[in-house]
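J.:
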Amino acid sequence: MEPVEINAGRYYLRQLRADDRIDDRPSILEAFTDPISLRWISHRITDLAGAGDYVAMRARQWADDERCSWAVADQNTGELLGEVGLKDLNLDAGFAAAACWAAPRHRNRGVVSDGLAAALRFGAGALGLTRVEYLFQDGNESSRRVAEKCGFAYDRTVDQCGAKVHVWTRSLV
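In full-length UniProt numbering, the protein residues as written are 1 to 173.
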């Protein structure tokens, strides 16, 4: 599938980039080395080359219909503020899982909840998704707030590698 851009009101959603016009790698590196992010995000990026690999991985996932992933960007500057996505896509079953993070300086400003809400609308309208799960670890209050703002409802708690993970679900029909 080809990446699409989405107007999300205060923000716009676009593909992650590392080119001569927009370079998201420094913001990705900053986010993935932040102590709060390190607590909740399992993917590790330690240098600009790793951030470039991350951008390339997201492009491959779009092309392979595995994941739709967007940079949540500032409308005026194009600056990367965070990332939202629909992963574990199963278009035949109408299912995906939500994923998101915010750059440290842009947390608690609605970046992720606005971006994820737009991604969910795309998932329902363009992809035909009917159900999306959002998983986050016990204690991740920011993710709980995003889940609530985006209309997810608590479903269950599971154990993943010794950590309590909350599963919230949203029906898109």
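Using N, Cα and C, we set each Cβ at its ideal position, and we do this for glycine too.
Could you tell me the boundaries of the alpha helix (DSSP H) in which ASP47 lies?
T.: The residue given as residue 47 occupies position 47 in the sequence shown. That residue, ASP47, is in no alpha helix (DSSP H); it is neither H nor E in DSSP.
J.: How would you call GLN160, buried or exposed, if buried means at least 16 neighbouring beta carbons within 10 angstroms?
T.: Looking up residue 160 in the sequence shown gives position 160. That one is exposed.
J.: What separation, rounded to the nearest whole angstrom, lies between the Cα atoms of THR108 and ARG60?
T.: Your numbering for residue 108 matches position 108 in the sequence shown. Your numbering for residue 60 matches position 60 in the sequence shown. Checking the displayed sequence, the identity of residue 108 turns out to be Asn instead of Thr. Approximately 30 Å between the Cα atoms of the pair.
J.: Under the three-state reduction of DSSP, which class applies to GLU66: helix, strand or coil?
T.: Within the sequence shown, numbered from 1, the residue matching residue 66 stands at position 66. GLU66 falls in the coil class under three-state DSSP.
J.: Quick one, are the C-beta atoms of residue 202 and ALA103 less than 7 Å apart?
T.: Lying outside 1 to 173, the shown extent of the chain, residue 202 is not represented and no answer is given.
J.: Going by the beta-carbon positions, is the gap between ALA49 and ASP114 smaller than 7 Å?
T.: Here residue 49 refers to the residue found at position 49 when the sequence shown is read from its first residue. Here residue 114 refers to the residue found at position 114 when the sequence shown is read from its first residue. No.
J.: State the CB to CB distance for the pair PHE152 and TYR134, rounded to an integer number of angstroms; the pair is presumed to be in contact (CB under 8 Å).
T.: To locate residue 152, count along the sequence shown from 1; it is residue 152. To locate residue 134, count along the sequence shown from 1; it is residue 134. About 5 Å separates the CB atoms of PHE152 and TYR134; that is less than 8 Å, so the two are in contact.
J.: Please report how far the alpha carbon of GLU2 lies from the alpha carbon of TRP62, in whole angstroms.
T.: Within the sequence shown, numbered from 1, the residue matching residue 2 stands at position 2. Within the sequence shown, numbered from 1, the residue matching residue 62 stands at position 62. Cα to Cα, the separation comes out at about 7 Å.
J.: Name the two residues that bound the continuous beta strand (DSSP E) containing ALA96.
T.: For the purposes of this step, residue 96 is identified with residue 96 of the sequence shown, where counting begins at 1. Note, ALA96: beta strand (DSSP E), 95-102.
J.: Taking 8 Å as the limit between beta carbons, can you name the residues of its chain near VAL146, skipping five residues before and five after?
T.: Residue mapping note: residue 146 aligns to position 146 of the sequence shown, counting from 1. Correct list, in chain order: CYS100, VAL112, SER113, LEU116, TYR134.
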